[in-house]
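A.B. asks: For reference, the structure I am asking about is given below.
Residue numbers (our numbering): 18 to 814.
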């Protein structure tokens, strides 16, 4: 073994605590980087990756087998532009009811029409991926399209109008990159779901050479229709709505993942630099000893780079392992929210992060090692024994003090005269012994505070935005629309009687009703849904991006989708039409919604004939504090059932995208906080070990263990508090940039209420969070310093 190898091994083994800290710091930094970069890659085009992996179809087509022979349908696979096809699969379009025992919707509810296809899970095209439960094992079971299931796994639906009254149990959910069906059943089940006198449809799946735009897909559709007898093609579903929804969701992830990724990379490089350069700087005297033994500056540099690379290499390997293991649940959550994308970290991400981490270690170790290696042997020995800022022997035997060092000394003197216990004043002044190192560590705490602030802000904003998006389901009690086929069907709902029952019931605080209307907006070609309100809507939770709520007839509020589609803005006037009548209405505000909606007062329908879809009427009820929602709903249900309605407690709807974002932000923030804490721990540990002889002197003069702990913890209070004061405003600024970018990607505006989430009650704890983060990082070194025996400290160099 060469002398250089012995020096490297001895250096690693001699400073075990410092080596352990370097391993942990590098590990956590690499883990954070791998997760951040992996998430950013996962958010880049997840749909296209899933489309390729699952062999998605551009068009899902249903043919009427009574109008075309199997040979004619098979020949359509050779239509112009077709590159691949799969099928036929037997398909039926049905409209079942929820079976007894189903909680929501209530038993007997008419479910939406759905297309069920009999096929296996895998196939040459549109491979299905289970996201919950299991695949169908035979008749009596169904797997629904994830995200579009009207029932939960375990619930059942029935077909009372079909022979034998078949029942299907939901046994799983599956993702289809093409949205090829609403659900899938066993092929032998199709016959039992086919109405007498009819035949199942034949489903074919197609891919085309050109299908990137709506116009190209429409041309492909026309080519298929021309290849079969007239009227044989009954339905064609494009993949483009699925792609647009997936890409829009993925776009909302990019801004916040980018922000956390930049923070993670910056902090990782910074902390690794602090740890490595601090370790080399602390060994300056040992470098002088090596030079006195004949080591050249290049050998000294290689020795200390090697001492840094060994623990950093171990930490990097552990970080790669930890990052890939942690990516399983994290990317799994992202995959579910994005409906596609990565389920593992790509190899190139691991390689890039490893190279960057080891390059950062090499660079930060090489600079101070070369600088120390160029010192004369006597100077290296002297510098290793003398704290920065102290008087140093000059070459001519005189002493001099650098201007900056003199200024620091004067500041330290002023701090020492503060009216606080001596142990605390010593702690407050100690960061000035190593100002560069202290400033770098404070910067790491700043970045950690920025991450925590951003995470808290996003959680609060996304929660508020989620409430706004689900405001149409607002209310602690909901009186549902009439259920067709219920025990007491009615042709008309007596709204006045329902309103009177609600108002007279104890516990009612406020209520409003909403109902879709047949009203259209001139020039809109029926794309928008117009919803009319009655009652007090102020408590509902609807949020406005701009403008104000409507105040009566002649005014409407609309969603961003309406403004974009019709190229209008708040303040413009639109024309409402129905039954040959029309009336102008001014857009007074933009409401937060992802749908193309128009909201207006029920009174605005009077000049148009006042027609509504009464079968879709619903009442939303707010309760006085302390009222039991279940008991209220049960009592009201006995009254409104006379109208064919049912009253149920409102349910909270958890958005998987919001849940995924909050989970990912929390995970990344925790990693950043741990990395920042390790940076503080390393800095305080180095400072404490460098001053261990001084610590022994103080202990000999009577400093107690409690005072020692106080002195060490006080040494980080200033930097922790400053980091909080700097990091929180930066985090708020980043939040104010990231949140609108996320909303814009989703096609929404952000109300001021969703940005103004940093109340004093939130900002105060966040500022103190920097101080807490610094104190936690310094706690272990403070404990070590308090437990060090006086004799041991005095003997330590």
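Note that CB positions come from ideal geometry on N, CA and C, so glycine has one too.
What separation, rounded to the nearest whole angstrom, lies between the Cα atoms of residue 100 and residue 578?
C.D. replies: 35 Å
A.B. asks: Along the chain, which unbroken stretches of the alpha helix (DSSP H) at least 4 residues long are found entirely within the segment 764-800?
C.D. replies: Listed in chain order, the complete alpha helix (DSSP H) runs (minimum 4 residues) inside the segment 764-800 are 769-772.
A.B. asks: Only counting runs of 4 or more residues, tell me where the alpha helix (DSSP H) segments fall wholly within the segment 517-575, in order along the chain.
C.D. replies: As far as the segment 517-575 is concerned, it has no whole alpha helix (DSSP H) run of at least 4 residues.
A.B. asks: Quick check on DSSP: helix, strand or coil for residue 72?
C.D. replies: coil
A.B. asks: Nearest to residue 792 by alpha carbon, out of 639, 570, 699?
C.D. replies: 699
A.B. asks: Rounded to the nearest angstrom, what separates residue 94 and residue 78 at their Cα positions?
C.D. replies: 12 Å
A.B. asks: Would you kindly work out how many angstroms separate the C-alpha atoms of residue 603 and residue 340, rounded to a whole number?
C.D. replies: The straight-line gap separating the alpha-carbon atoms of residue 603 and residue 340 is approximately 54 Å.
A.B. asks: Around the C-beta of residue 216, are 16 or more other C-beta atoms found within 10 angstroms, so that it is buried, or is it exposed?
C.D. replies: exposed
A.B. asks: Quick one: what does DSSP say residue 151 is sitting in, helix, strand or coil?
C.D. replies: coil
A.B. asks: Measure the Cβ-Cβ separation of residue 374 and residue 36 and say whether it is below 8 Å.
C.D. replies: Contact: no.
A.B. asks: Would you grab the beta carbon distance between residue 47 and residue 370 for me? Rounded to a whole angstrom, and I think it's under 8 Å.
C.D. replies: 6 Å
A.B. asks: What three-state label does DSSP hand residue 145 in the structure shown?
C.D. replies: coil
A.B. asks: Pick out whichever of 168, 159, 103 has its Cα sitting closest to the Cα of residue 140.
C.D. replies: 103
A.B. asks: Using only the alpha-carbon positions, how far apart do residue 662 and residue 585 sit?
C.D. replies: 38 Å
A.B. asks: Quick check on residue 247: buried or exposed, where buried means 16 or more other Cβ atoms within 10 Å of its Cβ?
C.D. replies: exposed
A.B. asks: Within a Cβ cutoff of 6 Å, which residues of the same chain sit near residue 760, ignoring the five residues on either side of it in sequence?
C.D. replies: 767
A.B. asks: Considering only C-alpha positions, which residue in the set 50, 240, 321 is nearest to residue 689?
C.D. replies: Comparing Cα-Cα distances from residue 689 to each of 50, 240, 321, the minimum goes to 50.
A.B. asks: Between the segment 764-778 and the segment 713-725, do three or more beta carbon pairs fall short of 8 Å?
C.D. replies: no
A.B. asks: Determine whether the beta carbon atoms of residue 513 and residue 622 lie at a separation below 8 Å.
C.D. replies: no
A.B. asks: Could you give the first and the last residue of the continuous beta strand (DSSP E) run that contains residue 224?
C.D. replies: Its beta strand (DSSP E) spans residues 218-225.
A.B. asks: Is residue 268 helix, strand or coil by DSSP?
C.D. replies: Correct three-state label for residue 268: helix.
A.B. asks: Leaving out five residues on either side along the sequence, give the residues of the same chain with a beta carbon under 7 Å from the beta carbon of residue 249.
C.D. replies: Excluding positions up to five away in sequence, the list reads 80, 81, 84, 85.
A.B. asks: Taking its Cβ as the centre, do 16 or more other Cβ atoms sit within 10 Å of residue 175, making it buried, or is it exposed?
C.D. replies: buried
A.B. asks: As a quick exercise: from 558, 582, 599, 556, pick the residue whose alpha carbon is nearest that of residue 571.
C.D. replies: 599
A.B. asks: Here's the rule I'm using: 16 or more other beta-carbon atoms within 10 Å means buried, otherwise exposed. How should residue 724 be labelled?
C.D. replies: Around the beta carbon of residue 724, a 10 Å sphere encloses 16 or more other beta carbons of the protein chains shown; the residue is thus reported as buried.
A.B. asks: Report, in whole angstroms, the separation of the C-beta atoms of residue 338 and residue 461, which I expect to be a contact under 8 Å.
C.D. replies: In this structure residue 338 does not touch residue 461 by the C-beta definition: roughly 24 Å separates them, more than the 8 Å allowed.
A.B. asks: Going by the CB atoms, is the gap between residue 682 and residue 271 shorter than 8 Å?
C.D. replies: no
A.B. asks: Using only alpha-carbon positions, find the residue among 567, 328, 587 that is nearest to residue 38.
C.D. replies: 328
A.B. asks: Quick check on residue 581: buried or exposed, where buried means 16 or more other Cβ atoms within 10 Å of its Cβ?
C.D. replies: exposed
A.B. asks: Determine the direct distance from the alpha carbon of residue 193 to that of residue 206, and round the result to whole angstroms.
C.D. replies: 20 Å
A.B. asks: Could you tell me the distance, in whole angstroms, from the CA atom of residue 456 to the CA atom of residue 735?
C.D. replies: 11 Å
A.B. asks: Residues in its own chain within less than 6 Å of residue 147 by CB, not counting five upstream and five downstream?
C.D. replies: 189, 191, listed in sequence order.
A.B. asks: Measuring straight from C-alpha to C-alpha, what distance separates residue 412 and residue 393?
C.D. replies: Residue placement at residue 412 cannot be trusted, given a pLDDT of 38 that sits under 50; the coordinates are not used to answer.
A.B. asks: For residue 65, tell me which candidate among 261, 463, 565, 745 has the shortest Cα-Cα distance.
C.D. replies: 261
A.B. asks: Keeping to the same chain, check which residues put their C-beta closer than 8 Å to that of residue 779; ignore five residues upstream and five downstream.
C.D. replies: 473, 477
A.B. asks: Please name the residue, chosen from 180, 161, 76, that lies closest to residue 172 on a Cα-to-Cα basis.
C.D. replies: 161
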